[in-house]
Each structure stands twice: as structure tokens, then as C-alpha cells.
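Residue 210 is where the sequence shown starts when you use our numbering, and the numbers rise one by one after that.
Think of the CB as a built atom: it goes at the ideal place given N, C-alpha and C, for glycine as much as any other residue.
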Amino acid sequence: MLFLADFSVMNPSFGLLFWTSIVFLLVWFVLGKVAFKPIINALQNREKHIDEALHQAEKAREEMKAIHSKHEELLKQASEERIRIIREAEALRERIVEEAKSKSEETTRKMVEAAKEEIANRRQEMEISLFNEIGKISLGIARQVIQQELEGKHDAFVSQKVQEFKQQRLAAKN
Numbered sequence: 210m211l212f213l214a215d216f217s218v219m220n221p222s223f224g225l226l227f228w229t230s231i232v233f234l235l236v237w238f239v240l241g242k243v244a245f246k247p248i249i250n251a252l253q254n255r256e257k258h259i260d261e262a263l264h265q266a267e268k269a270r271e272e273m274k275a276i277h278s279k280h281e282e283l284l285k286q287a288s289e290e291r292i293r294i295i296r297e298a299e300a301l302r303e304r305i306v307e308e309a310k311s312k313s314e315e316t317t318r319k320m321v322e323a324a325k326e327e328i329a330n331r332r333q334e335m336e337i338s339l340f341n342e343i344g345k346i347s348l349g350i351a352r353q354v355i356q357q358e359l360e361g362k363h364d365a366f367v368s369q370k371v372q373e374f375k376q377q378r379l380a381a382k383n
């Protein structure tokens with residue numbers, strides 16, 4: 210213990226410095242061979258993995274931007290397509306309405322023309338029928354007038370026949 214009494218931190222001996230330096234260099238050399246290389250390799254690998262992860266994250270971000278821009282473009286195209294389809298549908302609807310309107314107007318015009326023609330035909334038939342009836346009645350009256358002439362009572366007879374004719378016409382109309 211006496212040896213320890215001479216020990217001073219402020220005044221180290223040469224042997225202590227020598228052996229401390231030898232031990233330090235030996236530990237440094239062993240650590241350099243055993244510990245430093247794996248630590249450096251681990252740090253380099255970690256740095257490489259971090260760089261790769263950052264690179265992949267940047268690449269993923271760029272891909273997401275590209276996908277987002279494609280998505281926006283697709284949405285824009287879909288919107289334009291929807292607007293185009295709606296406009297085409299509206300134009301088609303207008304055209305169909307116009308066609309239906311013109312067809313209905315044409316059909317109505319044809320029906321009116323057919324009705325007018327039917328009315329004209331019926332009127333002509335009625336006139337012919339009336340003329341035939343008047344002719345028959347006139348012949349009957351003429352025959353009877355001639356017979357009455359031969360008998361001498363024709364004025365009263367003509368008045369009576371005209372009255373009968375009027376009554377027949379009124380009965381036919383009702």
C-alpha cells in the first residue's frame with residue numbers, strides 16, 4: 210500500500226503512462242478489428258436503407274402525383290363525356306318532339322281533309338238524293354195535276370201537295 214501512497218494523478222509516472230498507452234492502443238486495435246468494422250458496416254447499411262427508403266418514398270410520391278393527375282384527367286373527361294351525352298340526348302329529344310309534332314300535324318291535316326272530303330261527298334249524295342226525290346215528287350205532282358186538270362181542281366191540289374212535301378221534309382229533318 211505504500212506504493213499507492215506515492216500515486217498522484219497530477220504527476221503520473223512514466224511506467225503508468227507507458228502501460229496505459231499500450232493497453233489503450235491494444236484495446237483500440239481490438240475494437241477496430243472486432244467492433245468498429247461491424248458498427249461502421251451497420252451504420253453504412255442503415256444509411257443505405259434510409260437512402261433507399263427516401264428514394265422509394267419520393268418515387269411513390271411522384272407516382273401518386275401521376276395517378277392523381279390521371280385521375281383528375283379521367284374525371285374531366287368523364288364530365289365532358291357526360292355533358293356531351295346530355296346535350297345529344299336533349300337534341301335527340303327535341304328532334305323526336307319535332308318529328309312527333311310534324312307527324313301529328315300531318316295526320317291532323319289528313320284527317321281534316323278526309324273529313325272535308327267526306328262531308329263534300331255526303332252533301333253531294335244528299336243533293337242527288339234530294340234532286341231525285343224532288344224529281345219523283347214533281348213527276349207525281351205533275352201526273353196528279355194533269356189528272357186534276359182533266360178534272361178541273363188543280364190549284365187546291367198543288368197547294369195540298371206543297372204542304373205535304375213541307376211536312377215530309379220537316380219529318381225527315383227531325
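For I350, the closest of Q369, E334, Q333 by C-alpha to C-alpha distance is Q369. Rounded to whole angstroms, the gap between the alpha carbons of E314 and A329 is 22 Å.
In this structure, the alpha-carbon of K257 lies about 46 Å from that of G224.
The criterion of a C-beta distance shorter than 8 Å is satisfied by I346 and F374.
Within the same chain, no Cβ atom closer than 8 Å to the Cβ of H277 is found once the five residues on either side in sequence are excluded. A381 has its alpha-carbon roughly 11 Å from the corresponding atom of L339.
Per DSSP, G224 is one residue of the alpha helix (DSSP H) stretching across 223-240. In this structure, the alpha-carbon of W237 lies about 24 Å from that of R255. In this structure, the CA atom of L235 is about 19 Å from the CA atom of I249.
If you draw a straight line from the Cα of E299 to the Cα of A309, it comes to about 15 Å.
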